[in-house]
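Have a look at the structure below, then the notes.
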Amino acid sequence: MEATWHRDSAVGRLTMTLPIAVIALLIPVGLFLDELPRVVRFAPFVVSVGLFGLPHGAVDHLMPVRLSDTALGRSLAVVSIVYAILGGLYLAVWAISPAVALVAFIGMTWFHWGQGDAFALRAFGDAGHIRTRSDRWASLIVRGGLPMLVPLLGQPEGYQRVVNGIIALFDPTATAAVTPLFRLDTRLALGVGFGVFTLSSLLWTARHVWQGDTSAEGLVWDAVEIGVLWVFFWLVPPVFAVGLYFAVWHAVRHIGRLAIVDPAAQQALDAGEWPAALWRFYRDATPLTIASLALFVGLYVWVPTDGSLNALLAIYLVGIAVLTLPHVAVVTWMDRQQYGKTYY
774 MEATWHRDSA VGRLTMTLPI AVIALLIPVG LFLDELPRVV RFAPFVVSVG
824 LFGLPHGAVD HLMPVRLSDT ALGRSLAVVS IVYAILGGLY LAVWAISPAV
874 ALVAFIGMTW FHWGQGDAFA LRAFGDAGHI RTRSDRWASL IVRGGLPMLV
924 PLLGQPEGYQ RVVNGIIALF DPTATAAVTP LFRLDTRLAL GVGFGVFTLS
974 SLLWTARHVW QGDTSAEGLV WDAVEIGVLW VFFWLVPPVF AVGLYFAVWH
1024 AVRHIGRLAI VDPAAQQALD AGEWPAALWR FYRDATPLTI ASLALFVGLY
1074 VWVPTDGSLN ALLAIYLVGI AVLTLPHVAV VTWMDRQQYG KTYY
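As structure tokens, this is what we get:
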């Protein structure tokens, strides 16, 4: 599949312009957010339960139907099995070794959020400078690392509180295993390494512009987005920053991807009727979103907590982790269907 949508198209404005505008406008929040009630800091994750965040993965069962002409019954059965097996195995890892499961969650989310942005840049962002396998991997590593690594560098105390809170749900003593991540020397090494890689990736992909293979517009927008996200995740406390990014950046861009493989939704967007496209998305996502909530209820019953906001966030993130692994499998399959087996 070759990109036929652009930043100035309806789907381009919704998936590319809207997210960066929201993120950029809320950067100043990082200067005073700690002074506001905790409920404000947790608000993006609360909103993500019903608005974009959790629902964005609840249409996975329809992807084989829309991308390979698979019958609905078979599609639902196959995706259900993938979710049951991968989600069940990963949940067992959380019970056995929560520190390993947490590090795996960070790595998995790094890859998944990177793959989501790499697709969006090519499909909606006029990113002619991202065209080879090495370009895509460089972009994926940078884009996934921005929400997963930069908060560790700029907001280590807040990052550690969240990480320790998740691990402590299962084994409070296991938090010691991840303590080295938060040492100054570790963060300095990661920060320098990732900063150099960020600049190197832009220079590497810029070769297509210098060679005259594409215009500089996509590269400039890529650099602007990366710069905005570096500042955002450095300044804004992690709970608010990652929650907001999940809801209004990653999820929105994936919903745009869902729209372009749904002919009726795509037609509605092209006609400027975005409420109709959004209604189709929620119609498709509602059943499995409700089913996913049952997982969170089950986790709440299974894992003892004190009922605090921090504990509820930890439960939510473990549930998201369990759902993310099979979702990554489905999205990786989508990449191969839409761009071919040589995409990665």
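Taking the numbering used here, the leading residue of the sequence shown gets 774, the next gets one more, and so forth. From the three backbone atoms N, C-alpha and C, an ideal C-beta is built for every residue, glycine too. Just so we're clear, the structure is a prediction, and the values are computed from it rather than from any experiment.
Give every residue of the same chain whose Cβ lies closer than 8 Å to the Cβ of Pro792, excluding the five residues on either side of it in the sequence, and list them in chain order. Here residue 792 refers to the residue found at position 19 when the sequence shown is read from its first residue. Excluding sequence neighbours, Pro792 sits near Val1021, Trp1022, Val1025, Arg1026.
Exposed or buried, Ala1094, counting other C-beta atoms within 10 Å across all chains shown (16 or more means buried)? Residue numbering aside, residue 1094 sits at position 321 when the sequence shown is read from its first letter. Buried, since its Cβ has 16 or more Cβ neighbours within 10 Å.
In this structure, how does DSSP classify Asp958 when only helix, strand and coil are distinguished? Along the sequence shown, read from residue 1 onward, the residue named residue 958 stands at position 185. Asp958 falls in the helix class under three-state DSSP.
Would you kindly work out how many angstroms separate the C-alpha atoms of Arg811 and Tyr1112, rounded to a whole number? Stepping through the sequence shown from its first residue, residue 811 is reached at position 38. Stepping through the sequence shown from its first residue, residue 1112 is reached at position 339. Approximately 43 Å between the Cα atoms of the pair.
What residues in its chain sit with their C-beta under 6 Å from that of Arg839, if we drop five residues either side in the sequence? Sequence index remark: in the sequence shown, residue 839 carries index 66 (1-based). Hits under 6 Å: Val1034.
Pop quiz: His981 and Gly901 are said to be a contact at Cβ under 8 Å. What is the actual Cβ separation, rounded to whole angstroms? For this step, residue 981 is matched to residue 208 along the sequence shown. For this step, residue 901 is matched to residue 128 along the sequence shown. Between Gly901 and His981 the Cβ distance is about 7 Å, and since that is below 8 Å, they are a contact.
With contact counted as at least three CB pairs below 8 Å, one residue from each stretch, are the segment 965-975 and the segment 905-916 in contact? yes
Could you check if Gly1071 is buried or exposed, using at least 16 other CB atoms within 10 Å of its CB as the buried criterion? For the purposes of this step, residue 1071 is identified with residue 298 of the sequence shown, where counting begins at 1. Gly1071 is exposed by the Cβ-count criterion.
Can you list, in chain order, the residues of its chain with a C-beta nearer than 8 Å to that of Thr1115? Leave out the 5 residues immediately preceding and following it. Here residue 1115 refers to the residue found at position 342 of the sequence shown. Answer for Thr1115: Arg906, listed in chain order.
Would you mind stating whether Leu1008 and Gly803 have Cβ atoms separated by less than 8 Å? As a working mapping, residue 1008 is identified with position 235 in the sequence shown. As a working mapping, residue 803 is identified with position 30 in the sequence shown. In contact: Leu1008 and Gly803 (Cβ atoms closer than 8 Å).
Nearest-angstrom Cα distance between Ser782 and Trp994? Taking the first residue of the sequence shown as 1, we reach residue 782 at position 9. Taking the first residue of the sequence shown as 1, we reach residue 994 at position 221. Distance between the alpha carbons of Ser782 and Trp994 is about 15 Å.
How about Ala1058 and Val832: are their beta carbons less than 8 Å apart? Locating residue 1058 in the sequence shown gives position 285, where the first residue counts as 1. Locating residue 832 in the sequence shown gives position 59, where the first residue counts as 1. Contact flag set, yes.
Cβ-based neighbour list, Leu1002, same chain, cut-off 6 Å, excluding 5 preceding and 5 following: On the sequence shown, residue 1002 is found 229 positions in, with the first residue counted as 1. Annotation for Leu1002: Leu919 place their beta carbon closer than 6 Å to its own, counting only its chain and skipping 5 residues before and after.
Whole angstroms are fine: how far does the CA of Ser841 sit from the CA of Arg934? The count along the sequence shown starts at 1 and reaches residue 934 at position 161. The count along the sequence shown starts at 1 and reaches residue 841 at position 68. Going from the Cα of Arg934 to the Cα of Ser841 covers about 43 Å.
4 or more residues per run - each alpha helix (DSSP H) lying fully within the segment 1055-1095: You should have found no qualifying run.
Opening and closing residue of the alpha helix (DSSP H) in which Tyr932 lies: As a first step, residue 932 must be located in the sequence shown, where it is residue number 159. It spans 929-941 - the alpha helix (DSSP H) in which Tyr932 sits, taken as one unbroken run.
Given 8 Å as the limit, is there contact between the segment 1091-1111 and the segment 1063-1070, that is, 3 or more CB pairs closer than that? yes
Taking just the CA atoms, how far does Gln1039 sit from Phe878? Locating residue 878 in the sequence shown gives position 105, where the first residue counts as 1. Locating residue 1039 in the sequence shown gives position 266, where the first residue counts as 1. Using only the alpha carbons, I get a separation of about 32 Å.
In whole angstroms, give me the CA-to-CA distance for Leu835 and Val969. The residue labelled residue 835 in the question sits at position 62 within the sequence shown. The residue labelled residue 969 in the question sits at position 196 within the sequence shown. Cα-Cα distance, rounded: 40 Å.
If you check the beta carbons only, do Val915 and Ile796 fall under 8 Å apart? Translated into positions along the sequence shown, residue 915 becomes position 142. Translated into positions along the sequence shown, residue 796 becomes position 23. Against a cut-off of 8 Å, the Cβ pair of Ile796 and Val915 comes out as no contact.
Which residues in the same chain as Phe967 place their Cβ atom closer than 6 Å to its Cβ, once the five residues preceding and following it in sequence are excluded? Indexing the sequence shown from 1 puts residue 967 at position 194. Apart from the 5 residues on each side of it in sequence, Phe967 sits with its Cβ closer than 6 Å to the Cβ of Gly918, Leu922 in its chain, given in chain order.
Ala979 versus Phe897: straight-line alpha-carbon distance, rounded: The sequence position of residue 979 within the sequence shown is 206, counting from 1. The sequence position of residue 897 within the sequence shown is 124, counting from 1. One C-alpha to the other measures close to 18 Å.
Through-space distance from Phe955 to Tyr1055, alpha-carbon basis: Walking along the sequence shown from the start, residue 1055 turns up at place 282. Walking along the sequence shown from the start, residue 955 turns up at place 182. Cα-Cα distance, rounded: 40 Å.
Let me make sure I understand the geometry here. Which of Phe815, Pro837, Leu862, Phe1006 has the alpha-carbon closest to that of Val851? What you label residue 851 is simply residue 78 of the sequence shown in a count that begins at 1. Nearest option by C-alpha distance: Pro837.
If we ignore side chains and look at the alpha-carbon of each, how far apart do Arg786 and Arg1109 end up? As a position in the sequence shown, residue 786 is number 13, starting the count at 1. As a position in the sequence shown, residue 1109 is number 336, starting the count at 1. Going from the Cα of Arg786 to the Cα of Arg1109 covers about 25 Å.
Helix, strand or coil at Ser841 according to DSSP, with G and I counted as helix: For the purposes of this step, residue 841 is taken as the residue at position 68 of the sequence shown. Correct three-state label for Ser841: helix.
Beta-carbon contacts of Leu1031 that lie in its chain and below 6 Å, excluding the five residues immediately before and after: The sequence position of residue 1031 within the sequence shown is 258, counting from 1. Closer than 6 Å at Cβ, skipping near neighbours: Val832.
Since I believe Gly1029 is in contact with Ala1120 (beta carbons under 8 Å), could you give me their beta-carbon distance rounded to a whole number of angstroms? Only positions 774 to 1117 of the chain appear in this structure, which leaves residue 1120 out of reach.
Got a sec? Which residues, its chain only, sit under 6 Å from Ala776 by beta carbon, not counting five neighbours each side? Indexing the sequence shown from 1 puts residue 776 at position 3. A caution first: Ala776 carries a pLDDT of 47, below 50, which makes its placement in the model unreliable, though a value can still be read off. So the qualifying residues of the chain are Arg895, Ala896.
Tell me the DSSP secondary structure of Phe1005 in three-state form. Working through the sequence shown from its first residue, we reach residue 1005 at position 232. Helix.
Nearest-angstrom Cα separation, counted from Tyr1018 out to Ala996: Locating residue 996 in the sequence shown gives position 223, counting from the first residue. Locating residue 1018 in the sequence shown gives position 245, counting from the first residue. Approximately 18 Å, taken between the alpha carbons.
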